[in-house]
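If you read the sequences in order, they're chains A and B. With our numbering applied, the first sequence covers 21 to 213. With our numbering applied, the second sequence covers 21 to 213. Below is one structure, written out as structure tokens; comments come after it.
There are 2 protein chains.
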Amino acid sequence: METRQRQADRTRETKRKLMEATVECLVERGWSGTTTTEVAERAGVSRGAQLHHFRTRGELVAAAVEHVGAESVEVLKRRAVIAAKSTHAVVELIADFHASDLFTAALELWVAARTDPELREQVLELQARLGREVYGLALELLDVDDSKPGVRDAVQATLDLVRGLALANQLADDAKRRAHVVRYWARMLEEQL
Amino acid sequence: METRQRQADRTRETKRKLMEATVECLVERGWSGTTTTEVAERAGVSRGAQLHHFRTRGELVAAAVEHVGAESVEVLKRRAVIAAKSTHAVVELIADFHASDLFTAALELWVAARTDPELREQVLELQARLGREVYGLALELLDVDDSKPGVRDAVQATLDLVRGLALANQLADDAKRRAHVVRYWARMLEEQL
DNA sequence: AAACAAACAGTCAAGACTGCTTGTAAATAG
DNA sequence: CTATTTACAAGCAGTCTTGACTGTTTGTTT
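Shown next, in the form of structure tokens:
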């Protein structure tokens, strides 16, 4: 049982390295720059080993998508624990989260998935799951109730807003403007909820 | 003098066909699917002719960026003329505009530009110009004044929001939810301005 | 009309990327 | 302890893409 574990661990570790290298590559080089060769090199894994674990590029990326998703949720939850409880702090937390590398990787996937049928399914499913999770977390953090009319729209609009802000932050550093809009939005939201 | 014009027209027409094919290809196949060969075929232009007008892929895409930009502004202005004047109608107009193919093409460029230094410059400049234009148009349509405090933030938040909504609309049809959020925000905005 | 320039067509070589195949060492089963 | 399976390494073949090169047609100037 001990020995069997060793091989399983080795597999898991190799896969993890490959998936993380994929995400890293996505952030640094973008979708088309994320080649199997490049990923293998970054992961410190031979092409053969890579192909052994992920037979196609699609399979590798799909796995990386899952990886991103799981990691995203975990990171957000971890940050939420230590967040201050003012509306502004919560909105800021969510906005900053969407301005991270994780969002950048997700955006690359998102855009690539639009024209790649294989990916599309994967990403749609992931998005639905992740979206629900973030929505629920936002409700919790803002300490509001879904059932009250208007709350749903307000929270959804907030999430759409931060995504828009994150988009604007991709090419140039937009932190200052973002902070401004976040402050404005938090005020609006506070008197709404 | 007439004949000279004819050749100039031919050049302009060929270039236009190539640029429009590029945008079309961007929407249908995405960034990495937009190859020079594919574009030439779609435009009904030979590889030689294409290469004559745009020496590199980068040059072609840069030109297409300009094309998208100019067309975007024009389309938005044209639509604005016939728009109803309620806050809701204006927000809807801007939101719908961002849900169009033009935005999709721009998004592909936007994301690709993040990891492509050559493109990055082009797109940054375009974005600045286009952003200002849309901002000004929004002010005009909403019939509000920039100088009044709060207005600037409100309009910027609106634009960020519609970009976020547009993003969500890329993979799946999100029109229904979008309409809902738009209505909500229009109400909020109205009492703000 | 002759010389020159521009627009365009078609082909080709170099490089890159993906996935397949062959070879080796380690791990697990019997 | 042997047989078999699994993890991994390395190289290779096919395809795709880009940009260069050569030749032809069309337009312009003098």
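All residues carry an ideal CB built from backbone N, CA and C; glycine is no exception. Because the structure is a prediction, the values reported are computed rather than measured.
In the DSSP assignment, the alpha helix (DSSP H) including ARG149 (chain B) goes from what residue to what residue? Taking the first residue of the second sequence as 1, we reach residue 149 (chain B) at position 129. 137-162 is the extent of the alpha helix (DSSP H) around ARG149 (chain B).
Practice task
Determine which residues of the region 120-144 of chain B have a Cβ less than 8 Å from any Cβ of chain A, and write them out in chain order.
Solution key: THR124, LEU127, GLU128, TRP130, VAL131, ALA132, ALA133, ARG134, THR135, ASP136, ARG140, VAL143 and LEU144
Anything in chain B within Cβ reach of ASP173 (chain A), meaning under 7 Å, just list it in chain order. Within the first sequence, residue 173 (chain A) is the residue found at index 153, counting from 1. Chain B residues near ASP173 (chain A): HIS200, VAL201 and TYR204.
Can you give the Cα-Cα distance for VAL164 (chain A) and GLN212 (chain A), rounded to whole angstroms? The residue you call residue 164 (chain A) lines up with position 144 of the first sequence. The residue you call residue 212 (chain A) lines up with position 192 of the first sequence. If I take the Cα positions, the gap works out to 11 Å.
- Pick helix, strand or coil for VAL59 (chain A), following the three-state DSSP scheme. Position 39 of the first sequence, counted from the start, is the residue given in the question as residue 59 (chain A). Here VAL59 (chain A) sits in helix by DSSP.
Checklist entry - Using a beta-carbon distance below 8 Å, is LEU113 (chain A) in contact with chain B? => result One-based indexing of the first sequence puts residue 113 (chain A) at position 93. Not closer than 8 Å to any Cβ of chain B, the Cβ of LEU113 (chain A) fails to qualify, so no.
- prompt: Taking 8 Å as the CB-CB cut-off, is LEU80 (chain B) touching chain A?
  reply: Numbered from its first residue, the second sequence carries residue 80 (chain B) at position 60. With 8 Å as the cut-off, LEU80 (chain B) does not count as an interface residue toward chain A.
Check your understanding: What number of angstroms, rounded off, separates the C-alpha of VAL132 (chain B) from the C-alpha of THR124 (chain B)?
Key -> Counted from its first residue, the second sequence places residue 132 (chain B) at position 112. Counted from its first residue, the second sequence places residue 124 (chain B) at position 104. In the sequence on display, residue 132 (chain B) carries Ala and not Val. Approximately 12 Å between the Cα atoms of the pair.
| request: Run the CB neighbour count on THR54 (chain B), radius 10 Å, all protein chains shown included, and call it buried at 16 or more, exposed below. | output: Numbered from 1 along the second sequence, position 34 holds the residue referred to as residue 54 (chain B). That one is buried.
Check your understanding: Along chain B, which residues have their Cβ under 9 Å away from the Cβ of VAL182 (chain A)?
Key -> Stepping through the first sequence from its first residue, residue 182 (chain A) is reached at position 162. Residues of chain B passing the Cβ test: ASP180 and GLY184.
Exercise for review: Assign THR141 (chain A) to buried or exposed, taking buried as 16 or more other Cβ atoms, counted over all protein chains shown, within 10 Å of its Cβ.
Suggested key: Start at 1 with the first residue of the first sequence, and residue 141 (chain A) comes out as number 121. Looking at the sequence provided, one finds Glu at residue 141 (chain A) rather than Thr. Exposed: under 16 other Cβ atoms inside 10 Å.
- Item | Contacting residues, own chain, Cβ-Cβ under 6 Å from GLU210 (chain B) (five flanking each side not counted) | Along the second sequence, read from residue 1 onward, the residue named residue 210 (chain B) stands at position 190. Here the set comprises THR107.
Quick check: is the beta carbon of ALA104 (chain B) nearer than 8 Å to any beta carbon in chain A?
Indexing the second sequence from 1 puts residue 104 (chain B) at position 84. Cβ-Cβ to chain A under 8 Å: no for ALA104 (chain B).
*ASP194 (chain B) versus VAL201 (chain B): straight-line alpha-carbon distance, rounded*: On the second sequence, position 174 is the one that residue 194 (chain B) refers to. On the second sequence, position 181 is the one that residue 201 (chain B) refers to. For ASP194 (chain B) and VAL201 (chain B), the distance between alpha carbons rounds to 11 Å.
- Task: Run down chain A in chain order and give the residues with a C-beta less than 7 Å from the C-beta of MET208 (chain B).
- Result: Against the second sequence, residue 208 (chain B) aligns to sequence position 188. Here the neighbours are MET208.
*Please list the partners that ALA177 (chain B) has in chain A, where partner means a Cβ-to-Cβ separation under 7 Å.*
Counting from one through the second sequence, the residue named residue 177 (chain B) turns up at place 157. Within chain A, the residues near ALA177 (chain B) are LEU181, VAL201, TYR204 and TRP205.
Check whether the Cβ of ARG77 (chain B) lies closer than 8 Å to any Cβ atom in chain A.
To locate residue 77 (chain B), count along the second sequence from 1; it is residue 57. With 8 Å as the cut-off, ARG77 (chain B) does not count as an interface residue toward chain A.
For a contact defined as C-beta to C-beta under 7 Å, what are the partners of ARG99 (chain B) on chain A? Along the second sequence, read from residue 1 onward, the residue named residue 99 (chain B) stands at position 79. At a C-beta separation below 7 Å, ARG99 (chain B) has no neighbours in chain A, since its nearest C-beta there lies roughly 20 Å away.
Under 8 Å by beta carbon: chain A residues contacting GLN190 (chain B)
The sequence position of residue 190 (chain B) within the second sequence is 170, counting from 1. Residues of chain A passing the Cβ test: TRP130, VAL131 and ARG134.
- Message: Can you pull the chain A neighbours of GLY156 (chain B), defined as C-beta to C-beta under 8 Å?
- Response: Here residue 156 (chain B) corresponds to residue number 136 of the second sequence, with the count starting at 1. Simply none; closest approach about 17 Å.
Inset, instruction - Quick one: using the 10 Å Cβ neighbour count with 16 as the cut-off for buried, is ASP101 (chain A) buried or exposed? - result: By one-based count along the first sequence, residue 101 (chain A) stands at place 81. One detail in the question is off: residue 101 (chain A) reads as Val in this sequence, not Asp. The residue is exposed, with fewer than 16 neighbouring Cβ atoms inside 10 Å.
message = To the nearest angstrom, how far is the alpha carbon of THR23 (chain A) from that of ARG207 (chain A)?
response = For this step, residue 23 (chain A) is matched to residue 3 along the first sequence. For this step, residue 207 (chain A) is matched to residue 187 along the first sequence. Here THR23 (chain A) scores only 49 on pLDDT, less than 50, and its place in the model should not be relied on; the value that follows carries that caveat. Cα-Cα distance, rounded: 59 Å.
- Between the C-alpha atoms of TRP205 (chain A) and HIS118 (chain B), what's the straight-line distance to the nearest angstrom? By 1-based counting over the first sequence, the position of residue 205 (chain A) is 185. By 1-based counting over the second sequence, the position of residue 118 (chain B) is 98. Rounded to whole angstroms, the gap between the alpha carbons of TRP205 (chain A) and HIS118 (chain B) is 21 Å.
Quick one: grab the DSSP three-state call for VAL95 (chain B). Numbered from its first residue, the second sequence carries residue 95 (chain B) at position 75. Residue state, collapsed to three classes: helix.
Going by DSSP, what residue range makes up the alpha helix (DSSP H) through GLN176 (chain B)?
Your numbering for residue 176 (chain B) matches position 156 in the second sequence. From DSSP, the alpha helix (DSSP H) with GLN176 (chain B) extends over 171-188.
Original post:
CB-CB under 8 Å to MET21 (chain B), same chain, minus the five flanking residues each way: which ones, in chain order?
Top reply: Locating residue 21 (chain B) in the second sequence gives position 1, where the first residue counts as 1. Residue placement at MET21 (chain B) is poorly supported in this model, since its pLDDT is 41, which falls under 50; the coordinates still yield a value, given next. Once the five neighbours on either side are set aside, MET21 (chain B) has no close Cβ partner at all.
Subject >> chain A residues whose Cβ lies nearer than 7 Å to that of SER92 (chain B) >> reply: Within the second sequence, residue 92 (chain B) is the residue found at index 72, counting from 1. By Cβ distance, chain A contributes nothing, its closest Cβ being about 16 Å from SER92 (chain B), past 7 Å.
Any idea if THR178 (chain B) is buried or exposed, counting beta-carbon neighbours within 10 angstroms, 16 or more meaning buried? The sequence position of residue 178 (chain B) within the second sequence is 158, counting from 1. Looking at its Cβ environment, which holds 16 or more other Cβ atoms inside 10 Å, THR178 (chain B) is buried.
- request: Compare the Cα-Cα distances from ARG134 (chain B) to each of B:TRP51, B:LYS37, B:THR34 and B:VAL43 and report the closest residue.
  value: Counting from 1 along the second sequence, the entry for residue 134 (chain B) is found at position 114. Of B:TRP51, B:LYS37, B:THR34 and B:VAL43, the smallest CA-CA separation from ARG134 (chain B) is found for B:TRP51.
How close, in whole Å, do the beta carbons of ALA158 (chain B) and VAL175 (chain B) come, if the pair is a contact with beta carbons under 8 Å?
-> On the second sequence, residue 158 (chain B) is found 138 positions in, with the first residue counted as 1. On the second sequence, residue 175 (chain B) is found 155 positions in, with the first residue counted as 1. 5 Å between Cβ atoms; contact.
Starting from the Cα of ARG32 (chain B), find the closest Cα among B:GLU48, B:PHE74 and B:LEU161 and give me that residue. Here the question's residue 32 (chain B) lines up with position 12 in the second sequence. For ARG32 (chain B), the nearest C-alpha among the options comes from B:PHE74.
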